[in-house]
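Enquirer:
Number of protein chains: 2
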Amino acid sequence: MAISEQKQSFQLHLQDLTNRNASFLETIYALANGHLGVRASNPLQGNLRLDEGMPGLFVNGFYDLSHITYGESYAGYPENNQTIAQLPDPRYLVIEVDGERSDQTTFATRVVDKNLDMETGLLNELFEITTPSGKILQLSLSTFASQADDGIYCVSYTIRPINFSGAVKLYKQHPYIDQVFTRDGDIRAVSRNNILDRQFLNADFPAMQITTQRSQLGLVLMWRYLGEDSLVKFDRSDGMPKYVMDLDLQQGLAESFDFGYSVGRIHSLMDVAMNHTQYLKNANAHLEHHSFSTLFTESAHKMQEFWHNSDIRIDGDPETQKGIRFNLFHLHQSAGHDGKTSIPAKGLTGAGYEGHYFWDTEMFMLPAFIYTDPQMARALLTYRYHTLDEARRQARDFGLDGGAMFAWRTINGMEASPYFPAGLAAVHINADIAYAVAEYVQVTDDQDFLVKMGFELILETARFWQRFGSFGIDGPQGGKFVINKVTGPDEYSAMVNNNYYTNRMAQHNLRLAVSYAKQLKKSHPSKLEELGVTEKELQSFTHIADSMYVPFDKELGVKMQDDGAFNMEIWPFDQTPRDNYPLLLHYHPMRLYRHQVNKQADTLMSDLLFPADQDIEQLKRDFDYYEPLTTHDSSLSRPIFSILAHRILAHHKAYRYIAESILTDLNNS
Amino acid sequence: MAISEQKQSFQLHLQDLTNRNASFLETIYALANGHLGVRASNPLQGNLRLDEGMPGLFVNGFYDLSHITYGESYAGYPENNQTIAQLPDPRYLVIEVDGERSDQTTFATRVVDKNLDMETGLLNELFEITTPSGKILQLSLSTFASQADDGIYCVSYTIRPINFSGAVKLYKQHPYIDQVFTRDGDIRAVSRNNILDRQFLNADFPAMQITTQRSQLGLVLMWRYLGEDSLVKFDRSDGMPKYVMDLDLQQGLAESFDFGYSVGRIHSLMDVAMNHTQYLKNANAHLEHHSFSTLFTESAHKMQEFWHNSDIRIDGDPETQKGIRFNLFHLHQSAGHDGKTSIPAKGLTGAGYEGHYFWDTEMFMLPAFIYTDPQMARALLTYRYHTLDEARRQARDFGLDGGAMFAWRTINGMEASPYFPAGLAAVHINADIAYAVAEYVQVTDDQDFLVKMGFELILETARFWQRFGSFGIDGPQGGKFVINKVTGPDEYSAMVNNNYYTNRMAQHNLRLAVSYAKQLKKSHPSKLEELGVTEKELQSFTHIADSMYVPFDKELGVKMQDDGAFNMEIWPFDQTPRDNYPLLLHYHPMRLYRHQVNKQADTLMSDLLFPADQDIEQLKRDFDYYEPLTTHDSSLSRPIFSILAHRILAHHKAYRYIAESILTDLNNS
């Protein structure tokens, strides 16, 4: 591929996309940096309830609680939703022409063009704005979320009157402050309506302290003009701190204004209330005396460092090349790196999945960081360590006298899934975390992490399995270690006994504990003592691991997803209209559970992670059995199928799966 | 036992009860007649939110809908709660002394005495009332719900000033009208607040049309003075129709006033709105020219008829004698007999379980009627037939191309359980209904019912099993008919494969269909044609029944509750504090599901219903296995254990179980 083509494939241009839905576009072009994320919405929308998009700023880990209402509530159910907060859109601009204001009457906004330069992280957009009286303005935005300083987001506006000359007034203000709202009933996008509290702070630029009501968190948000044009005036006369630009524009001539936003760290409400003066000072220091271009240069430099370490080049397939870069770009910009946050399932592009962290981090995203950015990988695992006490509490609440039971979906470490068959029951997350820790340590040899955090994570999850499972007495499970009533990766089966993947991963988890304990016994014996590890405990781990039951159908020679899985009817795929996928949006869960149908790779995940477990023939049988049953209704499915197809030398299929997977977001499939 | 002792055991006197909690007492002493039920509450409470009871009139099958909010909602979930409506308490009385009114300031009300004469159905109560200014009145109530005319409820008040002479004013009015409310502050608890609509009707007595908002039902409710005292005046001058009694009482001397209530049938809102004049006329005809004593005599006569047919005498154990009569009394007064209603799980004593009908009717209560009141039994089965179309719709919605799938809990025939693992998944209800139909037909030889309704119920449920189950391919289930992911009677296990009871009952259901089809083929061949029964279908039923898989542990020689049941850990009973029963209120369902612990008889229900299935040794093994695992957290459990204990000649145990069971309500255990 020529250099220009390679350059080209760093550009995500509007013409690359067929879907022009506003919500889709603002998500695809969202910019983030692990701490903050901003949707690329209509800059005039603000909190107007247009039928367009959902503009907003999202801060990783900044959430509020809301009470969960159950149809029928039972003991031990989570009490609260945790929902990432939707903060004011920093792209927001109010335009006033002829006494008409865009926050009072709707100005028509047409997207003319968008282009994201993934190489530097700069997003350029061009809008055509028509006032109710027919005056046309061209508005272009250049924006970036700083990769050099994760508190910073900058926006540069250029405004040009097309069919008139005259007075135009601009306002940079945020009169509204909202919690997440959604428009539809899609269960994957839950809607909450907590109100955030806002307090303007005393400064010569607009600044506010934003706090949540129930989670009691706070942060400081400020913005300032990055330039020296005296036309831009700070004004707080009416109690609403803002910048006002009173312009006299000439037809065809443009004026530009740059603004920088600084979003502080998350603190407790009490802390931020007491120390906001200091925090505001800190925030301001990141922006004061900086220009858009100096800030951008720093950020772009970091972005280029990222590409230097992480780029994947695919020759001969420009679409896939662009796609993989898009994926890498989002992966990079979504990952929390402060050890207190992780990667929300939808990145920092909005409130999808409520900004929660799942096993997606450890099993699907972490490996990329382990090999390209070990510091980030360590930060992500540190987040889990940070929630270890909460996981211990969960285990005690569940009646286990030892070990840790991690939340299936969470921000603050507490379980936030209101539907336990696809929540708490997905206990494989505990082994996933242990697996990820070992993978990290193995690749990086970060002994410091192992001793300080990693071993404890592996040990406490091993202790969980020891207590959560038990020895069977009946049938082929008799005398074997069984793990009952769990949900594996495939959420179209739930509350099953002996999910293959779960049991195999638990076995691995137990063995990891034994093996690292042996290692630490030599290097850091005090650590074992501190954690109360005894020889007897390790022997028990070994015994359980050796006794672990995994279901297998001898006649078919196939690893069985769980006890009884093969006695379910095959899902009637031929009677399932194409529009009824993903199935979970169209069929009662009990109907899905009663059939052999996979949302995503499940048993095959085990084949993937433990290549030494099976020869190529076994892998083929497993693959051939599960492939026709799998709907890939989760985006976590196709990549696994691709890798395994590759292993069984089905290269064409492998390529198709990975290509589809890479383009999932861009094609909105 | 002497006759006086026998008489005595028809009296339920306050001194028989140790629990004096207001809510408990008003439930125990509730009076009903299958159509209406009235709680024996403080007659001055009305809609005052005292911390006492929940007064109200409940009409069987008169419910409103309310939207169900789910923590996480999925396709196919029920949209609405169905909740029995709470209508104005007909016992309600307002007393005015010295300008102070009992509906404006709280008058202290002390329960002095209560006695229910179960032989006639008359409830006598004595209250001592103290006004805020210290005047004391004795108020006694005699009430009955007519067993002769189920629209009628009568109340006789006797009032006597104890420490004063002077003016006392009484009002019989119902200024409030409420849907069910609960006091529980926990907003997760089921609480509905639909407002009923009320419209006063034009008459020379107080009358109203009451309609629900979302279910669009209506009925006419009226009351009139049953006497000729000119002191009792009808008054509608202020828009609130009422009776006013302006009395001048002499210390120690009593005055009495009798009132009759007539509660019309349930109609559609439209119907009742158009025809309320006629319905009111009908209602009034039941009361006009009647006195309390003539109405009571008719009712008592019917009550005696009931005892004549249904009494159970237990000599030598007066407590149990009284208990069984109390049970019979409530059974009789709770059963809907119009073919459109059934028996709410808590009778007509309140809004517990929202007034829903469960399998309790067919499997636990119907047998009593089959043997003592076949007409009532037929009416109860007619209710199910009445909901058959809804059950067919449910089956189609669930993807089955034939058969009927009855709601687990319902009033109107639609599923109203918001938690499907203990709702829709309890599909055994379909076989329960078929079993009950056959039991009824076998005992009564009601061929008319069989042809008109019974066979269709059996056939459509057999068709359900044929489609809902499937043939297994793996393990001992290979080649056998399996029924996956269901919940049996024991709700401490859920979503299991091959629940013994369910499979055995389904097998019975299929065989019943074949056997009755063969019978009807001779007597009513056109019926088979009408229902599209083919020889091939019957052969399929037989084949499936013959192939039905039932799990059995060969080593233990015990019928296994479900696949994998015996590979669960035994519940840690020794670590379970006594206060933590019933377990479902204290432990996460997933914890219960992962253990061998039974809420109630499950597999043993099969042993009970199919005595020919096992010899006494097998029964003993089953009994001995399950008994220690069973908490009897459901009142449906001990009776089963009692009968089976009797069969294995454990007479002492049998007696203990049945005695505990009989006294469940009276001891509030």
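Each protein sequence line maps, in turn, to chains C and G. Going from the first sequence to the working numbering is simple: count from 1 and add 3. Going from the second sequence to the working numbering is simple: count from 1 and add 3. Note that beta-carbon positions come from the ideal geometry of N, C-alpha and C, so glycine has one too. These numbers come from a predicted model, not from an experiment.
(1) According to DSSP, residue 164 of chain C sits in a beta bridge with which residue or residues?
(2) Helix, strand or coil: how does DSSP classify residue 574 of chain C here?
(3) Excluding five sequence neighbours on each side, which residues of the same chain lie with their C-beta closer than 6 Å to the C-beta of residue 16 of chain G?
(4) Strictly below 7 Å CB to CB, what residues from chain A border residue 569 of chain C?
(5) I believe residue 89 of chain G touches residue 354 of chain G by the beta-carbon criterion, under 8 Å. Please report the beta-carbon distance rounded to the nearest angstrom.
(6) Do you know offhand how far residue 408 of chain G's Cα is from residue 66 of chain G's?
(7) In chain order, which continuous runs of the alpha helix (DSSP H) of length 4 or greater are located wholly inside the stretch 388 to 415 of chain G?
(8) Measuring straight from C-alpha to C-alpha, what distance separates residue 516 of chain G and residue 347 of chain G?
(9) Just the Cα atoms here: how many angstroms apart are residue 338 of chain C and residue 157 of chain C?
(10) Output yes if chain C places a C-beta closer than 9 Å to the C-beta of residue 1 of chain G; else output no.
(11) Leaving aside the five residues before and after residue 303 of chain C along the sequence, list all residues of the same chain whose C-beta is less than 6 Å from its C-beta, in chain order.
(12) Could you tell me which chain G residues have their CB closer than 9 Å to the CB of residue 585 of chain C, listed as they occur along the chain?
(13) Which residues of chain C have a Cβ atom closer than 9 Å to the Cβ of residue 588 of chain G, listed in chain order?
(14) Mind listing the chain C neighbours of residue 421 of chain G? Cutoff is C-beta to C-beta under 8 Å, in chain order.
(15) Report the residue from G/244, G/483, G/295 whose alpha carbon sits nearest the alpha carbon of residue 570 of chain C.
(16) May I ask you to report which of helix, strand or coil DSSP gives residue 531 of chain G?
(17) Given this structure, state the Cα-to-Cα distance separating residue 589 of chain C from residue 82 of chain G, to the nearest angstrom.
(18) State the DSSP-derived secondary structure class of residue 226 of chain C, mapped to helix, strand or coil.
(19) State buried or exposed for residue 327 of chain G, treating a residue as buried only when at least 16 other CB atoms are found within 10 Å of its CB.
(20) Does any residue of chain G have a CB that is nearer than 9 Å to the CB of residue 68 of chain C?
(21) Taking residue 605 of chain C as the query, report the chain G residues whose CB atoms sit under 9 Å from its CB, ordered along the chain.
(22) Measure how close the beta-carbons of residue 641 of chain C and residue 664 of chain C come, nearest whole angstrom, since I'm counting them as under 8 Å.
(23) Between the beta-carbon of residue 359 of chain C and the beta-carbon of residue 399 of chain C, is there less than 9 Å?
(24) Mind checking if residue 359 of chain C is an interface residue toward chain G, Cβ cutoff 9 Å exclusive?
(25) Mind the definition here: the stretch 520 to 540 of chain G touches the stretch 567 to 584 of chain G only if three or more C-beta pairs lie below 8 Å; say whether that holds.
(26) Would you call the stretch 168 to 180 of chain G in contact with the stretch 250 to 262 of chain G, where contact means no fewer than 3 C-beta pairs closer than 8 Å?
(27) Distance check for residue 49 of chain G and residue 69 of chain G, CA to CA, integer angstroms please.
(28) Who are the near neighbours of residue 542 of chain G in its chain, counting only those whose CB is closer than 8 Å to its CB and skipping five residues on each side?
(29) Do you know offhand how far residue 225 of chain G's Cα is from residue 113 of chain G's?
(30) Pick out the complete alpha helix (DSSP H) segments inside the stretch 580 to 645 of chain G, 4 residues or longer, and give them in chain order.
(31) Output needed for residue 432 of chain C: all residues of its chain with C-beta closer than 7 Å, excluding positions within five of it in sequence on either side, in chain order.
(32) Buried or exposed: residue 438 of chain C, going by 16 or more other Cβ atoms within 10 Å of its Cβ?
(33) Give me the subset of the stretch 626 to 656 of chain C whose CB atoms are less than 8 Å from a CB atom of chain G, sorted by chain position.
(34) What are the residues of the stretch 545 to 560 of chain G that lie near chain C, defined by any Cβ-Cβ distance shorter than 7 Å?
(35) Taking all protein chains shown into account, decide if residue 132 of chain G is buried (16 or more other Cβ within 10 angstroms of its Cβ) or exposed.
(36) Taking just the CA atoms, how far does residue 599 of chain G sit from residue 568 of chain G?
Expert: So, to answer that:
(1) The residue labelled residue 164 of chain C in the question sits at position 161 within the first sequence. Looking at the DSSP assignment, residue 164 of chain C forms a beta bridge with C/140.
(2) What you label residue 574 of chain C is simply residue 571 of the first sequence in a count that begins at 1. Note: residue 574 of chain C maps to coil in three-state DSSP.
(3) Taking the first residue of the second sequence as 1, we reach residue 16 of chain G at position 13. Within the same chain, residue 16 of chain G has close Cβ partners 118.
(4) Judged by its chain identifiers, the structure shown contains no chain A, and its protein chains are C and G.
(5) Translated into the one-based positions of the second sequence, residue 89 of chain G becomes position 86. Translated into the one-based positions of the second sequence, residue 354 of chain G becomes position 351. About 6 Å; that satisfies the 8 Å criterion.
(6) Start at 1 with the first residue of the second sequence, and residue 408 of chain G comes out as number 405. Start at 1 with the first residue of the second sequence, and residue 66 of chain G comes out as number 63. Each residue's Cα considered, the two are about 22 Å apart.
(7) 391 to 400
(8) One-based indexing of the second sequence puts residue 516 of chain G at position 513. One-based indexing of the second sequence puts residue 347 of chain G at position 344. Going by the C-alpha atoms only, they are around 28 Å apart.
(9) In the first sequence, the residue the question calls residue 338 of chain C occupies position 335. In the first sequence, the residue the question calls residue 157 of chain C occupies position 154. C-alpha separation (whole angstroms): 20 Å.
(10) Examination of residue 1 of chain G is not possible in this model, given that chain G is present from 4 through 672 alone.
(11) As a first step, residue 303 of chain C must be located in the first sequence, where it is residue number 300. The residues are 123.
(12) For this step, residue 585 of chain C is matched to residue 582 along the first sequence. Those do not exist, as residue 585 of chain C stays about 10 Å from chain G at its closest Cβ, beyond 9 Å.
(13) Counted from its first residue, the second sequence places residue 588 of chain G at position 585. The answer, in chain order, is 77, 78.
(14) Residue mapping note: residue 421 of chain G aligns to position 418 of the second sequence, counting from 1. Correct list: 73, 74, 75.
(15) In the first sequence, counting from the first residue as 1, residue 570 of chain C sits at position 567. The residue with the shortest Cα to Cα distance from residue 570 of chain C is G/483.
(16) The sequence position of residue 531 of chain G within the second sequence is 528, counting from 1. The answer is helix: DSSP assigns residue 531 of chain G an H, G or I state.
(17) In the first sequence, counting from the first residue as 1, residue 589 of chain C sits at position 586. In the second sequence, counting from the first residue as 1, residue 82 of chain G sits at position 79. If I take the Cα positions, the gap works out to 15 Å.
(18) On the first sequence, residue 226 of chain C is found 223 positions in, with the first residue counted as 1. Strand, per DSSP.
(19) Within the second sequence, residue 327 of chain G is the residue found at index 324, counting from 1. Buried.
(20) Translated into positions along the first sequence, residue 68 of chain C becomes position 65. So no, residue 68 of chain C is outside the interface.
(21) On the first sequence, position 602 is the one that residue 605 of chain C refers to. Result: empty, since nearest Cβ-Cβ is about 17 Å, beyond 9 Å.
(22) One-based indexing of the first sequence puts residue 641 of chain C at position 638. One-based indexing of the first sequence puts residue 664 of chain C at position 661. Contact holds; Cβ gap of about 4 Å.
(23) Locating residue 359 of chain C in the first sequence gives position 356, counting from the first residue. Locating residue 399 of chain C in the first sequence gives position 396, counting from the first residue. No. Outside cutoff.
(24) Walking along the first sequence from the start, residue 359 of chain C turns up at place 356. So, not an interface residue.
(25) no
(26) yes
(27) As a first step, residue 69 of chain G is located in the second sequence; it is residue number 66 there, counting from the start. As a first step, residue 49 of chain G is located in the second sequence; it is residue number 46 there, counting from the start. Rounded to the nearest angstrom, the two C-alpha atoms are 24 Å apart.
(28) Translated into positions along the second sequence, residue 542 of chain G becomes position 539. So no residue of the chain qualifies.
(29) The residue labelled residue 225 of chain G in the question sits at position 222 within the second sequence. The residue labelled residue 113 of chain G in the question sits at position 110 within the second sequence. If I take the Cα positions, the gap works out to 29 Å.
(30) 592 to 596, 606 to 612, 619 to 629
(31) Taking the first residue of the first sequence as 1, we reach residue 432 of chain C at position 429. These residues qualify, in order along the chain: 362, 409, 411.
(32) Here residue 438 of chain C corresponds to residue number 435 of the first sequence, with the count starting at 1. By the neighbour-count rule (16 or more Cβ atoms within 10 Å), residue 438 of chain C is buried.
(33) none
(34) 556
(35) Stepping through the second sequence from its first residue, residue 132 of chain G is reached at position 129. Buried.
(36) Walking along the second sequence from the start, residue 568 of chain G turns up at place 565. Walking along the second sequence from the start, residue 599 of chain G turns up at place 596. Going from the Cα of residue 568 of chain G to the Cα of residue 599 of chain G covers about 7 Å.
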